[in-house]
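Quick notes on the structure that follows.
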Amino acid sequence: MIKTYEIKLPPYKRGFHLLTNEILKVIEPLPETGLLNIFLQHTSAALTINEHYDPDVRRDMDMISNHIVPEYLPFITHDIEGADDMPAHFKSSIFGVSLTIPIVRGELSLGTWQGIYLCEFRNNGGSRGLVLTLVS
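By the numbering used here, the letter at position 55 of the sequence shown is numbered 42, and the numbering carries on one by one without gaps.
Rendered as structure tokens:
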């Protein structure tokens, strides 16, 4: 069986934001076994899985990504939407816009400390859309 759900996320400030619980609210109860694909319908944000326990991880992830791909690079030509736009597109490509997570014994098979993140790379990114596809 395949089920599809759509979520419109509210605007988030720039940074890394946990979405695990918001996603589970939409798709629970989960089947005994299967796969969940999460697809972000945007080109200046991303999805990732990382530690959810310590909020310092979220801050550090944001700081590191901004250090690796800074704004105001002199050679960037796509700047019509602001200095944060092209770096956001590049970060989105690095992190990716899709995740697939196994479902085992009726639960997402995430590790003990793992959580699903929205990586918002824009200063004013606006609302974001997710498509969740559940295969069981």
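We treat Cβ as the ideally placed atom computed from N, Cα and C, and that holds for glycine.
Three CB pairs or more closer than 8 Å across the stretch 66 to 80 and the stretch 9 to 21
no
Might you give, ordered along the chain, the residues of its own chain that have their beta carbon closer than 6 Å to the beta carbon of GLU(-7), omitting 5 neighbours on each side?
VAL118
With three or more beta-carbon pairs closer than 8 Å as the criterion, would you say the stretch -10 to 4 touches the stretch 77 to 96?
no
Proximal residues to GLY116 (C-beta, below 6 Å), its chain only, five neighbours per side dropped
LYS(-5), GLN28
Where does ILE67 fall in DSSP's three states?
coil
With DSSP as the reference, label ARG92 as helix, strand or coil.
coil
Does LEU17 come out as helix, strand or coil in the three-state DSSP assignment?
coil
Cutting at 6 Å between CB atoms, please list the residues of its own chain near GLU19, excluding the five before and the five after it.
GLY93
For LYS(-10), does the three-state DSSP call read helix, strand or coil?
strand
Rounded to whole angstroms, what's the CA-CA distance from HIS54 to SER96? Just pull it up for me.
32 Å
Distance CB(PHE3)-CB(ASP49) smaller than 7 Å:
yes
In whole angstroms, what separates the C-alpha of THR99 from that of TYR40?
9 Å
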